[in-house]
Each structure stands twice: as structure tokens, then as C-alpha cells.
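Residue numbers (the numbering used here): 78 to 350. Idealized CB from N, CA, C, for every residue including glycine. Structure first, then comments.
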Amino acid sequence: MMVKELLIISLFLLSFTMFGKERKKAVVDSTKVLNVTPRSVENRAFKKGEFLHFTVSYGVITAGYATISIDRTEYIKGRDCYVLKTTAKSRSAFDWIFKVRDQTESFLDIERFHSHKFTKRLREGSYKIDSELNFFQENGVARYRSKRYKKGKIKKKYRIIDIPYNTLDPLSALFYVRVMDLKVGETIFLPAVGTRKSYNIKVIVHKRETVKVGAGKFDCFVVEPVMADGGVFKKDGRVKVWLTADERKMPVKMSTKVYIGSIEAELDWYEEE
């Protein structure tokens, strides 16, 4: 459905297919500890209180709205974390066709910049699912659990996924790119994990370009996240993201090609604390 696609683009990292190793038992082996050195990442790009509001459209048709925000900070697993939040909803005029009310939260370690928890609450038409990823970075695993609501029944899933240290979730990966010193022509690889398996995100920095959106005119880096499948990078469903070419690396536009034309999410207003 077009309405769903319009909204999902604004959370572009959430739609990647997952690859890697997966375990059958949903039990974390706390005796397994990785021999790693924790990193410390300098962040001058964002802070608590940032709020970005996007309008998602196809041509002149506005089909929905999305937000990306740093909702609060929270202490989890002995670490201070940013709570990154996204919401996506269909425009009320389209609700009778396909109603969308989605929300995600990512708990990103403020110092080490890796994930501790990632939750999703998806309400897309008749599709309803709540899921949670808990990261055990020092043990090299993540625990996934979900509840899907269908025809009055609840289907539960649990699994343990092997991950490398400093793994990100789909949303925190976007924020990690924001703290990097981007250069045109470079390619970045990020370890991430989804609902089933771990995978790598390849981020290509294509060029710099000035764009005008509702929130203003911005000099931007144009980047493209690509999913790696067995060493062959997928080109279908390409998504491009415009990040401001300053310290903030703020996302101001996202675009993906469809059969006729393109779907775009543009920043129409934002707040910074």
C-alpha cells in the first residue's frame, strides 16, 4: 500500500532485511564475555530535546507525518542513555484506506554509542505487533521477543542473536552516522541487528547538495544506506538521505524511487533545546 510505504521511508533503516547467525534458545549465556575495549565517542551533533517533524508525500499528495526525536535520557544496565524516538502516522484522510500508528524507541549509550534496547509498536492496518530487542554487548548477543496480535490471538516469538561488540539497532545507526566526520566519496560500514539476525549497513556518502524544505534551506551531504547480502549489495528500493553539512548532520529529507515518481519525507519544522 502506498500510504504504508510513504511512512516507512521516514524510518528507512527499519526496513532492511537481516542476515547473520541466529541461535535457537532465547537464553543469554552470561558466562560468555567478549574481550573488548569500550570506545568513547564525542558527540557534538545532537542532545536531549531535539525534535524533528516530517511531512511524507507522493508528488503533491500528503499521506502522513513522521517524527524523530531525542525524547529523554534514561539510566539502563548501569549506563546513561539517550532515548531516541520515532513516530509515524497516516493522515486522517487516509486512515480509512490504511491506518498507520507506529512508534519506536532506541536506548543509545551516551558515551560508547552502542545500543542497549530497541522497542517497536507497529499498528499498520490489521498488522499489529510489539517487539523488543535487548542488547548484551559484553556477552556478544541480543535477545529478541515479540507479540503479534491477529484475529483475537497473540503469537509470541523469542530468539537469541549473536552480535559483534558495539552493535547498533536500525534507529541508533542513523544517529551514529550523525556524529561522524563525513567526506564525499567515502563508504561507511556499521554493525547492526534487526528482528532476526545481525547484518552490516553500508552507507555511501555520494555528494553535497543544497536543498530547500519546509524548515528552510540547507547545505547537505547526500547519503545512501545499503543492505549487504552475502557480499552483494542490494540496489532495489534505494533510499537517499540528506544530512546537513554541519556539526548537527540533521536529517532534512529522505527519498525513495517508486514505479512512477518518488516518495519523499521532508523536514517541515524542528526544535532544539
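How far does the beta strand (DSSP E) with residue i in it reach, from first residue to last?
i    : result
V280 : 275-290
S332 : 328-334
K260 : Here K260 belongs to no beta strand (DSSP E), and DSSP marks it neither H nor E.
Measuring CA to CA, which of the options is closest to residue i?
i    : options                : result
T144 : P328, E350, G338, S339 : P328
A250 : K289, T132, K230, F195 : F195
E341 : V160, Y135, K279, G141 : Y135
L185 : A219, T150, S169       : T150
K166 : C158, V160, Y159, F175 : F175
Y276 : E349, I153, V303, V290 : V303
T132 : E349, D172, E343, E348 : E343
C158 : V261, K233, S183, R178 : S183
V288 : V218, S332, K154       : S332
V160 : R116, L320, G126       : G126
Y142 : D345, V118, R220       : D345
Going by DSSP in three states, residue i sits in which element: helix, strand or coil?
i    : result
F310 : Reliability fails at F310, whose pLDDT of 35 lies under 50, so the model's placement of it is uncertain and no value is given.
V270 : strand
V254 : helix
P302 : strand
V316 : strand
K294 : strand
T114 : coil
D323 : coil
Segment contact, 8 Å Cβ cut-off, at least three pairs: the stretch 260-268 with the stretch 226-245: yes
Runs of beta strand (DSSP E) lying entirely within the stretch 185-249, each at least 3 residues, in chain order: 192-201, 204-213, 218-227, 230-239
Runs of beta strand (DSSP E) lying entirely within the stretch 126-182, each at least 3 residues, in chain order: 128-135, 138-153, 156-167
Three CB pairs or more closer than 8 Å across the stretch 198-208 and the stretch 217-225: yes
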